[in-house]
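*Asks:* Chains as they are written, first to last, in my numbering: chain C, 1 to 180; chain A, 1001 to 1180. All C-beta atoms in this analysis are idealised placements derived from N, C-alpha and C, irrespective of residue type, glycine included. Here the structure is a predicted model, which is why all the values come from computation and not from measurement.
Protein chains: 2
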Amino acid sequence: MQAKDIILGLLMQGPMSGYDIKQHYEVSLGHFFDASYGSVYPTLKQLEKTALIEKETIIQEGKPNKNLYSITDQGKEQFYQYLFSPIQADIYRSDILARLYFGKFGDAQSLIERLQEAVIQRQAQLAQLEHAYHMHKQDLSAPRLISLQFGMEDYKAQISVFQKGIQYLRSEESFEFWER
Amino acid sequence: MQAKDIILGLLMQGPMSGYDIKQHYEVSLGHFFDASYGSVYPTLKQLEKTALIEKETIIQEGKPNKNLYSITDQGKEQFYQYLFSPIQADIYRSDILARLYFGKFGDAQSLIERLQEAVIQRQAQLAQLEHAYHMHKQDLSAPRLISLQFGMEDYKAQISVFQKGIQYLRSEESFEFWER
DNA sequence: AGCGGCATGTAAGCTGTTACATGATTAC
DNA sequence: GTAATCATGTAACAGCTTACATGCCGCT
Chain C
1 MQAKDIILGL
11 LMQGPMSGYD
21 IKQHYEVSLG
31 HFFDASYGSV
41 YPTLKQLEKT
51 ALIEKETIIQ
61 EGKPNKNLYS
71 ITDQGKEQFY
81 QYLFSPIQAD
91 IYRSDILARL
101 YFGKFGDAQS
111 LIERLQEAVI
121 QRQAQLAQLE
131 HAYHMHKQDL
141 SAPRLISLQF
151 GMEDYKAQIS
161 VFQKGIQYLR
171 SEESFEFWER
Chain A
1001 MQAKDIILGL
1011 LMQGPMSGYD
1021 IKQHYEVSLG
1031 HFFDASYGSV
1041 YPTLKQLEKT
1051 ALIEKETIIQ
1061 EGKPNKNLYS
1071 ITDQGKEQFY
1081 QYLFSPIQAD
1091 IYRSDILARL
1101 YFGKFGDAQS
1111 LIERLQEAVI
1121 QRQAQLAQLE
1131 HAYHMHKQDL
1141 SAPRLISLQF
1151 GMEDYKAQIS
1161 VFQKGIQYLR
1171 SEESFEFWER
């Protein structure tokens, strides 16, 4: 799974601009994929060059012009090829878990603060997914609902572990430094 | 957080070879970091060149020679600099969630099979973490235990969502294709 | 006879990020 | 007046992966 597969998938649902695509990343895809504009625009350009998508420039009033991209038949074919290809393993990379893993080399207080921040941040992401879920649950396909549930349950589990962790570290806080 | 930070952290616990480091990735770090040998060996080389670590070659009988690396004082300083630097956002990229997200363009049967595989795979990872947790819980620091708990609870939540998802898709299976 | 574990390393290439560059409109 | 939203793009570079290359030992 790469940027181009996700973009093709989004265009399967209808024409979109690069900006629209990035919005989707942030709203309903963010819990399993994200990429910057520095990836979106060059990818669109490349997909257009290989005729998998087509560009139409929309002149807007009061707003900058917009490049609306649509998927072509070749693009659809390419997307189905992705959809039925073998599944790649997930990639999860977490700095906060690394700080926990090596936590004994630091101090309890700053770890607790960082966990609190991590909780707040995940609560915000959870709220966003819950919003999307309840707003659109009537019009979303069964598998898409599962992908949103995954994100929500995942965040809930993470928040719960972090909150218990904070309690636990607080109860040992008198140590300040660990010796293990 | 990059490969070099993790390697430095592992060497804080004692000397290790590139092979040992990769083993650690697979056992107790795998749920939040992984990298191939093609990253491990060049990184070690570069860290040695900048005097953050030192190499000692161990001649072994019946086994290939081993390069044991130890962290230097400069390396420790560098590690602490990482440990107290701002935390980077997590990165999660999931192909199976993408397949769910775009599931309406495929068929229910193959999605169900893929979810079943995903469950089995996560159950194996969970079992591995549980093993590590119960084996070493006496000698691990509080924060490290939290990092393992995180992995375990995360996998449990994911397995649960996937299992419920399989049930749900099965109940709609007669459709074979969706129209939303 | 062959596979899995132990052990190290390189080269080419892919995929993405960061930082830069631009600029109008709308809401506070 | 200033921040956010809408909107597009490039160039340099970082940081990995994949595939290749080597070779002995112990088990089955």
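Would you verify that the beta carbon of Leu97(C) is, or is not, closer than 8 Å to some beta carbon of chain A?
*Replies:* It does; some Cβ of chain A falls within 8 Å.
*Asks:* Applying the criterion that 16 or more other CB atoms from any shown protein chain within 10 Å of the CB defines a buried residue, is Tyr25(C) buried or exposed?
*Replies:* It counts as buried.
*Asks:* Does the beta-carbon of Leu1097(A) have 16 or more other beta-carbons within 10 angstroms, so that it is buried, or is it exposed?
*Replies:* Leu1097(A) is buried by the Cβ-count criterion.
*Asks:* Tell me the rounded alpha-carbon separation between Asp73(C) and Asp34(C).
*Replies:* Spanning the two alpha carbons is a distance of roughly 26 Å.
*Asks:* If we call anything under 8 Å between Cβ atoms a contact, is Ile1146(A) one with Leu100(C)?
*Replies:* In this structure, Leu100(C) lies closer than 8 Å to Ile1146(A) by Cβ.
*Asks:* Do the segment 124-132 of chain C and the segment 1129-1141 of chain A meet, that is, are 3 or more Cβ pairs less than 8 Å apart?
*Replies:* No: the two stretches stay apart, fewer than three of their Cβ pairs being nearer than 8 Å.
*Asks:* Please report the Cβ distance between Pro143(C) and Gly1062(A), rounded to the nearest whole angstrom; I am assuming they are in contact, meaning their Cβ atoms lie under 8 Å.
*Replies:* Actually they are not in contact, since the Cβ atoms of Pro143(C) and Gly1062(A) sit about 52 Å apart, beyond 8 Å.
*Asks:* Which stretch, first to last residue, makes up the alpha helix (DSSP H) that contains Tyr41(C)?
*Replies:* Here the alpha helix (DSSP H) through Tyr41(C) covers 37-49.
*Asks:* Who are the Cβ neighbours of Tyr19(C) in its own chain at under 8 Å, not counting the five residues just before and after it?
*Replies:* Result list for Tyr19(C): Lys66, in chain order.
*Asks:* Would you call Tyr1037(A) buried or exposed, if buried means 16 or more other Cβ atoms sit within 10 Å of its Cβ?
*Replies:* The residue is exposed, with fewer than 16 neighbouring Cβ atoms inside 10 Å.
*Asks:* Tell me the rounded alpha-carbon separation between Arg122(C) and Pro15(C).
*Replies:* Each residue's alpha carbon lies about 31 Å from the other.
*Asks:* At the level of alpha carbons, what is the spacing between Pro64(C) and Leu1140(A)?
*Replies:* Taking the straight line joining both Cα atoms gives about 57 Å.
*Asks:* When you check each C-beta in the segment 1089-1115 of chain A against every C-beta of chain C, which residues fall closer than 9 Å?
*Replies:* Here the close residues are Ala1089, Asp1090, Ile1091, Tyr1092, Arg1093, Ser1094, Asp1095, Ile1096, Leu1097, Ala1098, Arg1099, Leu1100, Tyr1101, Phe1102, Gly1103, Lys1104, Phe1105, Gly1106, Ala1108, Ser1110, Leu1111, Arg1114, Leu1115.
*Asks:* At what residues does the alpha helix (DSSP H) containing Ile159(C) begin and finish?
*Replies:* Per DSSP, Ile159(C) belongs to the alpha helix (DSSP H) from 142-171.
*Asks:* Rounding to the nearest angstrom, what Cα-Cα distance links His31(C) and Ile159(C) in this structure?
*Replies:* C-alpha separation (whole angstroms): 15 Å.
*Asks:* So which residues of chain A does Gly9(C) contact, with C-beta pairs closer than 8 Å?
*Replies:* Those are Ala1098, Tyr1101, Phe1102, Phe1105, listed as they occur along chain A.
*Asks:* Quick one: does Val1119(A) have its CB under 8 Å from some CB of chain C?
*Replies:* So no, Val1119(A) is outside the interface.
*Asks:* From what residue to what residue does the beta strand (DSSP E) around Tyr1069(A) run?
*Replies:* Taken as a continuous stretch (DSSP letters only), the beta strand (DSSP E) holding Tyr1069(A) covers 1066-1071.
*Asks:* Which bits of chain A does Ile144(C) rub up against, with CB to CB less than 9 Å?
*Replies:* The sequence as given places Arg at residue 144(C); Ile does not occur at that position. Residues of chain A passing the Cβ test: Leu1100, Tyr1101, Phe1102, Gly1103, Lys1104, Arg1180.
*Asks:* Pick from Tyr69(C), Tyr82(C), Lys156(C): whose alpha carbon is nearest that of Ile120(C)?
*Replies:* Taking only the C-alpha atoms, the option nearest Ile120(C) is Lys156(C).
*Asks:* Please compile the residues from chain A whose C-beta is within a distance smaller than 8 Å of the C-beta of Val40(C).
*Replies:* Chain A residues near Val40(C): none, gap ~16 Å exceeds 8 Å.
*Asks:* What do you get for Met135(C), buried or exposed, if any count of 16 or more other CB atoms within 10 angstroms of its CB means buried?
*Replies:* By the neighbour-count rule (16 or more Cβ atoms within 10 Å), Met135(C) is not buried but exposed.
*Asks:* Assign Glu1061(A) to one of three DSSP states: helix, strand, or coil.
*Replies:* Coil.
*Asks:* In chain C, which residues lie less than 9 Å from Ala1003(A) when you measure between Cβ atoms?
*Replies:* Near Ala1003(A) there are no residues of chain C at all, since even the closest Cβ is about 10 Å away, more than 9 Å.
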